[in-house]
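Trainee: Got a structure here, written out as structure tokens. Questions coming.
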Amino acid sequence: MSPVLGKCIVALQKNDVEQLEQLLKEFPKEIDWPEDINIPEAAVAKERMNMIKGIIENRVIIEAKILPVLEQCSGFLETKDLSSAQKIISTLPSDEKISAMISCGFERANHQRDTRYCGKA
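Numbering (the UniProt record's numbering), first residue to last: 1 to 121.
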């Protein structure tokens with residue numbers, strides 16, 4: 001198992017989103033992989049690493065960026081502060097952007113990434 005995957009397992013077990021966000025930087029980038037992978041096992045490893053990275057990215061997006069806004073909105077709704085609830089909910093990314101960000105992990109393995117939201121591999 002790669003060292004980054006081992007660290008990810010520990011961070012997932014601890015539910016440490018900040019650590020997961022840091023670990024995303026340790027995953028191999030597309031340029032780190034040989035262009036022409038001739039060994040089937042290496043190609044499978046690359047695909048799996050990319051998928052795992054996408055899953056972790058999704059979790060970080062949801063837990064670090066979306067859930068805090070929804071929790072704040074819930075608090076405002078409980079106190080019937082609709083104006084503040086509306087303001088905070090408007091800070092969420094659009095549905096299109098959220099869908100694109102979340103789909104990046106699944107597209108990553110097939111090199112069909114939406115670079116508007118995923119960036120370049």
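Yeah, the Cβ is synthetic: ideal placement off N, Cα and C, and Gly gets one too.
Here the structure is a predicted model, which means the values were calculated and not measured.
Answer with buried or exposed for residue 57, where buried requires no fewer than 16 other C-beta atoms within 10 angstroms of its C-beta.
Mentor: buried
Trainee: Reducing DSSP to helix, strand and coil, say where residue 81 ends up.
Mentor: coil
Trainee: If I'm right that residue 53 touches residue 27 with Cβ under 8 Å, what's the distance once you round it to whole angstroms?
Mentor: With 8 Å as the limit, residue 53 and residue 27 qualify as a contact, their Cβ atoms being about 5 Å apart.
Trainee: Only counting the same chain, and skipping five residues up and downstream in sequence, which positions put a Cβ closer than 7 Å to that of residue 5?
Mentor: 52
Trainee: Mind checking which residues open and close the alpha helix (DSSP H) that includes residue 58?
Mentor: For residue 58, the enclosing alpha helix (DSSP H) begins and ends at 40-60.
Trainee: Residue 87: which of 77, 43, 98 sits nearest, CA to CA?
Mentor: 77
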